[in-house]
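Input: a single structure, listed below in structure tokens.
Protein chains: 2
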Amino acid sequence: MTLEFWYEFASTYSYPAAWRVDRLAAAQGVKVVWRPFLLGPLFHKQQGLSDSPFNVVEPKGRYMWRDMERICQQEMLPFRRPSVFPRRTLLAARLALVGARRGWIASFSRGVYTANFGLNRDISDPAVLAQIVKEVGGNPVPDFAEADTAAIKAELRANGEEAEAKGLFGAPSFVCLRATGEGSELFWGNDRLEQAIAWAAAH
Amino acid sequence: MTLEFWYEFASTYSYPAAWRVDRLAAAQGVKVVWRPFLLGPLFHKQQGLSDSPFNVVEPKGRYMWRDMERICQQEMLPFRRPSVFPRRTLLAARLALVGARRGWIASFSRGVYTANFGLNRDISDPAVLAQIVKEVGGNPVPDFAEADTAAIKAELRANGEEAEAKGLFGAPSFVCLRATGEGSELFWGNDRLEQAIAWAAAH
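So the sequence lines, in the order shown, correspond to chains A and B. Note that the working numbering gives residue 145 to position 116 of the first sequence, counting from 1, and the numbers run on in steps of one. Note that the working numbering gives residue 212 to position 183 of the second sequence, counting from 1, and the numbers run on in steps of one.
Printed below as a string of structure tokens:
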């Protein structure tokens, strides 16, 4: 009954997923756990990439941006192709983990996605992130201080290691935990969200 | 009102797409044109790959095989992970083009996919392909002879060039042709088939 939502703030398809996951899961009585992680190190380790595959493979990138445009139109989400892609997401991811402790991880994460892909704002800029923290009820000074602690840094690294251990290779990914704790079921991509939720609801 | 179905016989996700496309398109009054092509040269040119990305990136491959298992179960299609992957598809693709001239390209192509991914048969083996040709009403001796002609070879090469020109980078892909002939709309992946058909029906 629990679905882990694994996301990276630079991941384009995680944007619509972030805006859909809580609503769709709630309708099926499925609990969502928001799991931010950094995809870059995984891409580098698994695929030897130092840049987004959408930048490396030009036709794939061209398709993705058109696809995002179609998806956002359908989901009635604002969309602007970011002038910088991918943006650095380390601080945003650490702040999301602070938000998990404070109860605003979901609203903060949705705000970061809209800033990045809906408004073309620089989500690596602390001022942009501070504004989002405030909007979701956080308190930038202590929250930024906490984001810089060894505990939060270690938590984000541990998330990355857990993502790899769970078989992830991209974002968004959804992991359905089994009640028994024996293994888990992995789904990859915004277009698999409904299937992942149905799986979580049925198991 | 016309949807081009671009497929490669070694492409796993093209298997369920091949079994779904005609049925779903017919329900929406959309005409399907089957367009076989070789994805290997495109992968090599665009991504520098000499093997399937599912073999190159291990976690991606692991996920794909599990995903195929789930999809085939849902679509009630037989599934067996092939003992050789990817198999050579040059002869099968040329025979499909012969089938386009004879009226059996769709049934032949579905048969090849089931042989490869449902029954783990060697679809690079002429004997296996001859059996499929017979099953769909073809005549192996003249059909194999035609598959070996310069015209068919050139047609398959031209398909590959057209695929690239249309922005393809994977299979299955669906291209919605515009009535005006100005550009076209591209969809990638079995999971986008419904969306592609809806687009073709609406434009």
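Cβ atoms here follow ideal geometry from the backbone N, Cα and C, with glycine treated the same way.
### Query
Hey, is B/Phe198's beta-carbon within less than 9 Å of any beta-carbon in chain A?
Against the second sequence, residue 198 of chain B aligns to sequence position 169. So yes, B/Phe198 belongs to the interface.
### Nonlocal neighbours in the same chain, by C-beta distance under 7 Å from A/Gln75, ignoring five residues either side
Translated into positions along the first sequence, residue 75 of chain A becomes position 46. Excluding residues within five positions, the ones whose Cβ falls inside 7 Å are Phe198.
### Task
Verify the CB distance criterion: does B/Pro88 have a CB-CB separation below 9 Å to chain A?
Position 59 of the second sequence holds residue 88 of chain B. Taking Cβ atoms only, chain A reaches closer than 9 Å to B/Pro88, which makes this a yes.
### Task
Determine the burial state of B/Gln102: buried for a count of at least 16 other Cβ atoms within 10 Å of its Cβ, exposed for fewer.
What you label residue 102 of chain B is simply residue 73 of the second sequence in a count that begins at 1. That one is exposed.
### Query
Mind pulling the chain D residues with CB within less than 8 Å of A/Tyr92?
Note that chain D does not occur in the displayed structure, where the protein chains are A and B.
### Task
Taking C-beta pairs closer than 8 Å, name the residues in chain A that B/Asp80 reaches, listed in chain order.
On the second sequence, position 51 is the one that residue 80 of chain B refers to. None at all; the shortest Cβ gap to chain A is about 13 Å.
### Task
Determine which residues share a DSSP beta bridge with B/Leu206 and list them.
Start at 1 with the first residue of the second sequence, and residue 206 of chain B comes out as number 177. According to DSSP, B/Leu206 bridges with B/Ser213.
### Message
Here's a check: name, in chain order, each residue in its chain whose Cβ is nearer than 6 Å to the Cβ of B/Tyr44, leaving out the five neighbours to either side.
### Response
Translated into the one-based positions of the second sequence, residue 44 of chain B becomes position 15. The answer, listed in chain order, is Tyr142 and Phe146.
### Residue burial classification, B/Val170 (beta-carbon count within 10 angstroms, cutoff 16)
Here residue 170 of chain B is taken as the residue at index 141 of the second sequence, counted from 1. So B/Val170 counts as exposed.
### Task
Could you check which residue in A/Ala125, A/Ala227 and A/Leu67 has the C-alpha nearest to that of A/Glu190?
For the purposes of this step, residue 190 of chain A is taken as residue 161 along the first sequence, with counting starting at 1. Nearest option by C-alpha distance: A/Leu67.
### Query
Count the other CB atoms within 10 Å of the CB of B/Glu37; is the residue buried (16 or more) or exposed (fewer)?
Along the second sequence, one-based indexing puts residue 37 of chain B at 8. By the 10 Å Cβ count, B/Glu37 comes out buried.
### Task
Answer yes if the stretch 90–101 of chain A comes into contact with the stretch 56–70 of chain A, meaning at least three C-beta pairs across the two stretches below 8 Å, and no otherwise.
no
### Task
Could you say which of A/Ile152, A/Phe203, A/Val85 and A/Ser213 lies nearest to A/Gln233 if we only look at CA atoms?
Outside the displayed span of chain A (30 to 232) sits residue 233 of chain A, for which this structure offers no information.
#### Entry: B/Asn219 vs B/Tyr42 beta-carbon contact at 9 Å
The residue labelled residue 219 of chain B in the question sits at position 190 within the second sequence. The residue labelled residue 42 of chain B in the question sits at position 13 within the second sequence. Yes, the pair counts as a contact, with Cβ atoms nearer than the cut-off.
### Through-space distance from A/Pro155 to B/Asp151, alpha-carbon basis
Taking the first residue of the second sequence as position 1, residue 151 of chain B is located at position 122. Taking the first residue of the first sequence as position 1, residue 155 of chain A is located at position 126. Going from the Cα of B/Asp151 to the Cα of A/Pro155 covers about 57 Å.
### Task
Return no unless some Cβ of chain B is closer than 9 Å to the Cβ of A/Gln224.
Residue 224 of chain A sits at position 195 when you count from the first residue of the first sequence. Yes, A/Gln224 lies at the interface with chain B (some Cβ there is under 9 Å from its Cβ).
### Close beta carbons around B/Asn149, own chain, < 8 Å, minus the five adjacent residues each side
Working through the second sequence from its first residue, we reach residue 149 of chain B at position 120. Correct list, in chain order: Arg109, Arg110, Pro111 and Ser112.
### Task
Measure from the alpha carbon of B/Trp48 to the alpha carbon of each residue in B/Ser138, B/Arg117, B/Leu32 and B/Glu98, then state which is nearest.
Looking up residue 48 of chain B in the second sequence gives position 19. For the residues B/Ser138, B/Arg117, B/Leu32 and B/Glu98, the minimum Cα distance to B/Trp48 belongs to B/Ser138.
### Task
Tell me whether B/Val50 sits in a helix, a strand or coil according to DSSP, three-state version.
Looking up residue 50 of chain B in the second sequence gives position 21. If DSSP states are grouped into helix, strand and coil, B/Val50 belongs with the helices.
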